[in-house]
Amino acid sequence: MRCRQVVDKISEYIDGELDPELVLEVERHMEHCEDCRIVVDTTRKTVEIFCHTDPAPLPDDVLERLNRMFALQFRTGER
Amino acid sequence: MGSQVRQLPVGRVRFSCAGPGWTIPEQVSWKISLFRCNLSRIGLSEQQEWYFIGRGLLTAMPHSPNTPSHLDNEESIVAAAQAGDSDAFISLLNLYGRRVYRVALNMTGNHQDAEDVLQEASMNAYQAITGFQGKSRFYSWLVRITINVALSKMRKRATWKESSLDEAKEGEDGSYLPLEIECWCDDPEKACLNVELHQILADVIQKLDPKSRLVFTLRDVEKFSTEETADVLGISIPLVKTRLFRARLNLRDQLTDYFGKDRRNAMQTSRR
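The listed protein sequences derive, respectively, from chains Y and G.
Per the working numbering, the first sequence starts with residue -1, numbered consecutively.
Per the working numbering, the second sequence starts with residue 3, numbered consecutively.
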C-alpha cells in the first residue's frame, strides 16, 4: 500500500469502518512511514477536539429572547 | 407501562410521587425527573417526597436498564409537548437549544443569523411537533428543521451557491492530499485556553466549503451516524463519506498551524 492509498482510507480507518485486511495493510504501511503515522494521528486528534469540545454557552440574552417569543406565542394560544 | 406526567402549579408545592395518581409498583425502579431551568429541587426525603419552587413539569416513569435514561425522559417530554404542554416544549428547547444554536452558527458563521435560525426553527418545530412520528431521534428531526431554515437564509444571501445538497461539486472525487506534515503537541486541547480553543475551532470550520462543513458538523460535532447524517441531509452515504473525509483533512491541515510543535511553542511564548 502506498501513502496516497493510506490517506484515501484515513477517514474509514479512524472510524473503525475499514475491512480488517485493509486495516492490516494500513498498519503495516505506517510501521515504516512516519509521515502517514503523523497524518493519521493528527486527523484522529482533529476529530477528537471537535467531538470533545462542549458548545460555547448560549448567550443569556439569546435564550431570554427565545423564551419571550414563546411566552407571547403561548399567551395567544396559537400553534 | 407508560410514563406519568403531572403539571405542577405555580408556587411552592410539596409533592409525593406515591400520592394520588402516582403509584410506584414494587420491584420496579422509578426515575423521577424534573425539567425547566427556573425550578429548584430543594429536598428529597427517603419517602421520595419532592419539594419544588416554581412551575414546571414532573415526569415519573419506570426505568429500563436497557434504555439510556435521557431517552426515557425525552420520549415523555416529547409526548407531553405533542399533547400541547408548553412547559414540555420549553424543556426540549432547554435541552437542545445550545446544540441547535451551534449547528446554526457553524452553518451561517455569525451569531445574529444563528439566533434568527434558532428562533425560526424553534417556532417551526413547535408548529409541527404533532407531526413528529418518532421514526428518528427528536434531535435529528429538530436539526433537519434547523438546516432547512438556515439554508433558506443562506440562499437569500447567496452564501449557498449550489442548487442541491446532493449535487457533488467539482473536486468532490474523494481525493485530498495533506499539506502539513508536522507532529502536534501531546495535548492540543490544553495548549490553549478554552475560550481560545472555541475561537480557533469556529475560525477553521468556517474556512470549509459549506457542504463539507455541514456534513462535518453533523457527523463529528453533533455525533450523528453516517446513515443518520445522510438521512437528515437527503444525500447518499458515499457523498457523506467523501465530504467528511475532505473536511477532516482540511481541518487537520488548518489546525496544524495552531497545534504543530513549533506553533505550540510560539503560543506559549506569546502568553508569557
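C-beta atoms are modelled at their ideal positions from N, C-alpha and C, and glycine is treated no differently.
Residue-chain proximity (residue i, chain Y), Cβ-Cβ < 7 Å
| i | result |
| --- | --- |
| residue 212 of chain G | no |
| residue 172 of chain G | No answer about residue 172 of chain G holds up, because its pLDDT of 46 lies below 50 and its placement is not dependable. |
| residue 186 of chain G | yes |
| residue 223 of chain G | yes |
| residue 1 of chain G | Residue coverage of chain G in this structure runs from 3 to 274, which leaves residue 1 of chain G outside it and unanswerable. |
| residue 198 of chain G | no |
| residue 254 of chain G | yes |
| residue 100 of chain G | yes |
| residue 257 of chain G | yes |
| residue 250 of chain G | yes |
| residue 72 of chain G | Residue placement at residue 72 of chain G is flagged as unreliable, the pLDDT there being 46, under the threshold of 50; the coordinate-derived value follows with that caveat. Cβ-Cβ to chain Y under 7 Å: no for residue 72 of chain G. |
| residue 93 of chain G | no |
| residue 263 of chain G | no |
| residue 138 of chain G | no |
| residue 230 of chain G | no |
| residue 238 of chain G | no |
| residue 154 of chain G | no |
| residue 88 of chain G | yes |
| residue 26 of chain G | Summary for residue 26 of chain G: the model assigns pLDDT 36, below 50, so the residue's position carries little reliability; its value from the coordinates is reported in the next sentence. Not an interface residue. |
| residue 65 of chain G | Any reading at residue 65 of chain G needs caution, since the residue's pLDDT is 38, under 50, leaving its predicted position unreliable; the model's value is listed next. Judged by the 7 Å Cβ criterion, residue 65 of chain G is not in contact with chain Y. |
| residue 37 of chain G | Model confidence at residue 37 of chain G stands at a pLDDT of 41, short of 50, so the residue's coordinates are unreliable; what they give is reported in the following sentence. Output row for residue 37 of chain G: interface = no. |
| residue 30 of chain G | Its pLDDT being 31, under 50, residue 30 of chain G is placed unreliably in this model, and the coordinates cannot settle the point. |
| residue 68 of chain G | With a pLDDT of only 47 at residue 68 of chain G, under the threshold of 50, the placement of this residue in the model should not be trusted; the figure read from the coordinates follows. False, the Cβ-Cβ gap to chain Y never drops below 7 Å. |
Per-residue contacts from residue i into chain Y (C-beta, under 9 Å)
| i | result |
| --- | --- |
| residue 192 of chain G | By Cβ distance, chain Y contributes nothing, its closest Cβ being about 11 Å from residue 192 of chain G, past 9 Å. |
| residue 203 of chain G | 47, 48, 51 |
Span of the alpha helix (DSSP H) around residue i
| i | result |
| --- | --- |
| residue 99 of chain G | 88 to 110 |
| residue 149 of chain G | 140 to 158 |
| residue 63 of chain Y | 58 to 74 |
| residue 209 of chain G | Premise fails: residue 209 of chain G is in no alpha helix (DSSP H) and is neither H nor E. |
| residue 6 of chain Y | 1 to 6 |
| residue 49 of chain Y | 32 to 50 |
| residue 178 of chain G | No alpha helix (DSSP H) contains residue 178 of chain G, which DSSP labels as neither H nor E. |
| residue 124 of chain G | 113 to 130 |
| residue 232 of chain G | 228 to 235 |
7 Å Cβ cutoff, residue i in contact with chain G
| i | result |
| --- | --- |
| residue 74 of chain Y | no |
| residue 0 of chain Y | no |
| residue 24 of chain Y | no |
| residue 60 of chain Y | yes |
| residue 49 of chain Y | yes |
| residue 38 of chain Y | no |
| residue 43 of chain Y | yes |
Proximal residues of chain Y, C-beta to C-beta of residue i below 8 Å
| i | result |
| --- | --- |
| residue 260 of chain G | Simply none; closest approach about 10 Å. |
| residue 227 of chain G | Going along chain Y, no residue has its Cβ under 8 Å from residue 227 of chain G, so there is no contact; the nearest lies around 10 Å. |
| residue 183 of chain G | 33, 36, 37 |
| residue 121 of chain G | 63, 64, 67 |
| residue 243 of chain G | 9, 10 |
Residues that residue i contacts on chain G, provided the C-beta gap is smaller than 7 Å
| i | result |
| --- | --- |
| residue 31 of chain Y | The contacting residues do not exist; residue 31 of chain Y stays about 11 Å from chain G at best. |
| residue 27 of chain Y | Correct list: empty, because the minimum Cβ distance to chain G is about 15 Å. |
| residue 16 of chain Y | In chain order: nothing, as chain G lies at least about 12 Å away. |
Residues sharing a beta bridge with residue i, DSSP
| i | result |
| --- | --- |
| residue 262 of chain G | G/186 |
Where residue i meets chain G, residues with beta-carbon distance less than 9 Å
| i | result |
| --- | --- |
| residue 6 of chain Y | 176, 177, 178, 247 |
| residue 70 of chain Y | Ordered by position in chain G, no residue passes the 9 Å Cβ test against residue 70 of chain Y, which lies about 11 Å from the chain. |
Residues that residue i contacts on chain G, provided the C-beta gap is smaller than 8 Å
| i | result |
| --- | --- |
| residue 21 of chain Y | Residues of chain G passing the Cβ test: none, with the nearest at roughly 17 Å. |
Interface partners of residue i on chain Y, CB under 7 Å
| i | result |
| --- | --- |
| residue 124 of chain G | 64 |
Spell out a yes or no on whether the segment 47 to 65 of chain Y and the segment 13 to 25 of chain Y are touching, meaning 3 or more CB-CB pairs, one atom from each, closer than 8 Å.
no
Do three or more CB pairs link the segment 86 to 98 of chain G to the segment 201 to 210 of chain G at distances below 8 Å?
no
Does the segment 119 to 132 of chain G come close enough to the segment 238 to 251 of chain G to have 3 or more Cβ pairs within less than 8 Å?
no
Take every Cβ of the segment 99 to 115 of chain G, pair it with every Cβ of the segment 221 to 233 of chain G, and state whether three or more of those distances are shorter than 8 Å.
yes
When you compare the segment 149 to 156 of chain G with the segment -1 to 12 of chain Y, are there three or more beta-carbon pairs, one atom per stretch, that lie closer than 8 Å?
no
Spell out a yes or no on whether the segment 97 to 104 of chain G and the segment 44 to 51 of chain Y are touching, meaning 3 or more CB-CB pairs, one atom from each, closer than 8 Å.
no
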